[in-house]
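As you go down the protein sequences, you meet chains A and B in turn.
Read left to right, the first sequence gives residues 1 to 251 (full-length UniProt numbering).
Read left to right, the second sequence gives residues 1 to 167 (full-length UniProt numbering).
These notes concern the structure reproduced below.
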Amino acid sequence: MPNSFIFNYILTIADNSLILAQRLGELCGHGPSLETDIALTNISLDLLGQTRSYYQYAAKISGENKTEDDIAFLRIEREYNNCLLVEQPNTHFGYTLGRQFLFDVYHLLLMEKLQHSPDETLAAIAKKGIKEVSYHKRFSSDWVKRLGDGTEESKAKMQEAIDDLWRFTDELFYMTEAEKQAVKEGIGIDVSTFKEKYYEEVSEVLKEATLTVPENKYFTKGGKEGIHTEQMGYLLADLQYMQRTYPNMQW
Amino acid sequence: MTLTEKPNIQENLIPVLKTVSDPEIPVLSVLDLGVIREAVEENGIVKIKLTPTYSGCPAMDVIGDDLKKAFSEIGKKAEVELILSPAWSTDWISEEGLQKMEKYGIARPLSESHDKDVLLGEKKLVKCPQCGSTNTHLVSQFGSTACKALFKCDDCQEPFDYFKCLK
Chain A
1 MPNSFIFNYI LTIADNSLIL AQRLGELCGH GPSLETDIAL TNISLDLLGQ TRSYYQYAAK
61 ISGENKTEDD IAFLRIEREY NNCLLVEQPN THFGYTLGRQ FLFDVYHLLL MEKLQHSPDE
121 TLAAIAKKGI KEVSYHKRFS SDWVKRLGDG TEESKAKMQE AIDDLWRFTD ELFYMTEAEK
181 QAVKEGIGID VSTFKEKYYE EVSEVLKEAT LTVPENKYFT KGGKEGIHTE QMGYLLADLQ
241 YMQRTYPNMQ W
Chain B
1 MTLTEKPNIQ ENLIPVLKTV SDPEIPVLSV LDLGVIREAV EENGIVKIKL TPTYSGCPAM
61 DVIGDDLKKA FSEIGKKAEV ELILSPAWST DWISEEGLQK MEKYGIARPL SESHDKDVLL
121 GEKKLVKCPQ CGSTNTHLVS QFGSTACKAL FKCDDCQEPF DYFKCLK
């Protein structure tokens, strides 16, 4: 894969959406109710649409003979730059929604900044994405509140999910070399500028959900630099199956 | 191009564009939906700029193919380009389109601030397209497609789609 900073910068944003879309897509037909099943796959579809726009752009600037399909499906694990949060499995509905919520808050804040990037394509994708992501955030915040402030069991499960996923939140604000370079060149977003706002917004919803904001300060990272959790291999095996079995399939 | 700016569509191409509809809402033509941002004929080739309602909307590929087919039937070649900016808004749906939509059973998008209220279940504003009652409630923020939410009428008991406001 090409090694230009902008190419890698696009991947740090786009891979999050691809991997999360894959996780949500796994639930198609398995959601807890028809309405939530449809909602989660709709969110997956939005994310996939955004991903395609990013990869088409990345393919164009790659300078090699790459297509969006190559970028999405033919990289090895170490070449995916998604954060660890989005690759975590769908263990239970509360966990899926907790993961979604912790990502959506970040995603919307990022899109709001990215829409002003002087890079026209990134700005256009973000501007379009904001409209979709704000619905995602509304949906996941709503569920976190409903489950947190719900029955004894739903509250316990939601709290457990947030406590477990908390260790992946700090990585969202860790900057890779490509990100630092993109900031320096003026097209990228310095994610550290909205870290405080992120935790504020997250805490606000958790409090409204009558959940405890975790105090855990032990964070883990690595995904954005290609060092993933054990979950990633299984996910990629599924994601890449079709393209590897029937090479040159098109999206 | 700003949101209010009219799309650049050549007069003589309109009859053909009118025959192409959204596969998910077949009563709406692509013109009603406002997804055509440009359609001009240059050197015998019809160049069309299409904007998706949602990034991942699967209808867009189908619409692109349908447009090419519709023009090939009158002996013209069409090229379709997908553009993202400016982002599509529900304001671009024509009044005629909104009326057709309601007749078809989909409640029309309200204004942005109203939309927030109804989707958070705070106010009852969405009118049932079957019986006209506003005694309705939100079942799910995501309906049969990304652009719709699912509602149910508490008077006539019928479920129906609401076209989410996108601005």
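Where is the CB? At the ideal position from N, CA and C, for every residue including glycine.
Just to confirm, is the Cβ distance from residue i to residue j under 9 Å?
i                     : j                     : result
residue 161 (chain B) : residue 143 (chain B) : yes
residue 45 (chain B)  : residue 73 (chain B)  : no
residue 51 (chain A)  : residue 21 (chain A)  : yes
residue 280 (chain A) : residue 108 (chain A) : Here chain A covers residues 1 to 251 and nothing more, so residue 280 (chain A) does not appear.
residue 49 (chain B)  : residue 41 (chain B)  : no
residue 59 (chain B)  : residue 53 (chain B)  : yes
residue 9 (chain A)   : residue 179 (chain A) : yes
residue 152 (chain B) : residue 139 (chain B) : yes
residue 165 (chain B) : residue 114 (chain B) : yes
residue 107 (chain B) : residue 71 (chain B)  : no
residue 29 (chain B)  : residue 105 (chain B) : no
residue 96 (chain A)  : residue 53 (chain A)  : no
residue 219 (chain A) : residue 151 (chain A) : no
residue 305 (chain A) : residue 133 (chain A) : Given that chain A is displayed from residue 1 to residue 251, the structure contains no residue 305 (chain A) and the question cannot be resolved.
residue 158 (chain B) : residue 130 (chain B) : yes
residue 224 (chain A) : residue 12 (chain A)  : yes
residue 56 (chain B)  : residue 92 (chain B)  : no
residue 211 (chain A) : residue 159 (chain A) : yes
residue 63 (chain B)  : residue 23 (chain B)  : yes
CA-CA distance, residue i and residue j?
i                     : j                     : result
residue 56 (chain A)  : residue 157 (chain A) : 39 Å
residue 239 (chain A) : residue 64 (chain A)  : 23 Å
residue 106 (chain A) : residue 188 (chain A) : 15 Å
residue 190 (chain A) : residue 101 (chain B) : 43 Å
residue 93 (chain A)  : residue 37 (chain A)  : 11 Å
residue 205 (chain A) : residue 67 (chain B)  : 45 Å
residue 156 (chain B) : residue 109 (chain B) : 21 Å
residue 227 (chain A) : residue 38 (chain B)  : 45 Å
residue 185 (chain A) : residue 176 (chain A) : 14 Å
residue 123 (chain A) : residue 83 (chain B)  : 13 Å
residue 65 (chain B)  : residue 166 (chain A) : 45 Å
residue 182 (chain A) : residue 79 (chain A)  : 18 Å
residue 116 (chain B) : residue 137 (chain B) : 13 Å
residue 101 (chain A) : residue 30 (chain A)  : 20 Å
residue 17 (chain A)  : residue 249 (chain A) : 21 Å
residue 201 (chain A) : residue 112 (chain A) : 15 Å
residue 21 (chain B)  : residue 196 (chain A) : 46 Å
residue 32 (chain B)  : residue 131 (chain A) : 21 Å
residue 94 (chain B)  : residue 15 (chain B)  : 16 Å
residue 82 (chain A)  : residue 19 (chain A)  : 7 Å
residue 35 (chain A)  : residue 28 (chain A)  : 11 Å
residue 155 (chain A) : residue 148 (chain A) : 4 Å
Just checking: is the beta-carbon of residue i within a distance shorter than 9 Å of some beta-carbon in chain A?
i                     : result
residue 88 (chain B)  : yes
residue 142 (chain B) : yes
residue 52 (chain B)  : yes
residue 146 (chain B) : yes
residue 167 (chain B) : yes
residue 139 (chain B) : yes
residue 164 (chain B) : yes
residue 33 (chain B)  : no
residue 150 (chain B) : yes
Let me see if you follow: with CB-CB separation under 9 Å, is residue i close to chain B or not?
i                     : result
residue 138 (chain A) : yes
residue 87 (chain A)  : no
residue 4 (chain A)   : no
residue 50 (chain A)  : yes
Does DSSP classify residue i as helix, strand or coil?
i                     : result
residue 161 (chain B) : strand
residue 16 (chain A)  : helix
residue 125 (chain B) : coil
residue 193 (chain A) : helix
residue 78 (chain A)  : helix
residue 151 (chain B) : strand
residue 70 (chain B)  : helix
residue 124 (chain A) : helix
residue 37 (chain B)  : strand
residue 80 (chain B)  : strand
residue 27 (chain B)  : coil
residue 14 (chain B)  : helix
What are the residues of the segment 116-134 of chain A that lie near chain B, defined by any Cβ-Cβ distance shorter than 9 Å?
-> 120, 121, 123, 124, 125, 127, 128, 129, 130, 131, 132
Closer than 8 Å, Cβ to Cβ, to anything on chain A: give me those residues from the segment 54-67 of chain B, in chain order.
-> Residues passing the 8 Å Cβ filter: 54, 55, 56, 57, 58.
Residues in the segment 11-31 of chain A with C-beta within 7 Å of chain B's C-beta atoms, listed in sequence order?
-> Listed by position along the chain: nothing, the set is empty.
What residues in the segment 185-203 of chain A have a beta carbon less than 7 Å from any beta carbon of chain B?
-> Those residues of the segment 185-203 of chain A that come within reach of chain B (Cβ to Cβ, closer than 7 Å) do not exist; the list is empty.
In chain order, what residues of the segment 138-155 of chain A put their CB closer than 7 Å to some CB of chain B?
-> Of all residues in the segment 138-155 of chain A, those with a C-beta nearer than 7 Å to a C-beta of chain B are 138, 139, reading in chain order.
Name the residues in the segment 29-48 of chain A whose C-beta lies less than 9 Å from a C-beta of chain B; which are they?
-> Those residues of the segment 29-48 of chain A that come within reach of chain B (Cβ to Cβ, closer than 9 Å) are 33, 34, 35, 36, 38, 39, 40, 41, 42, 43, 44, 45, 46, 47, 48.
What residues from the segment 88-115 of chain A come within 9 Å of chain B, judged by C-beta to C-beta, listed N to C?
-> none
Going along the chain, which residues of the segment 115-130 of chain B sit with their C-beta nearer than 7 Å to a C-beta in chain A?
-> Flagged, chain order: 119.
Compile a chain-ordered list of the residues in the segment 75-87 of chain B whose CB is closer than 7 Å to at least one CB of chain A.
-> 84, 85, 87
Check distances from the C-beta atoms of the segment 59-74 of chain A to those of chain B and list, in chain order, the residues that come in under 8 Å.
-> none
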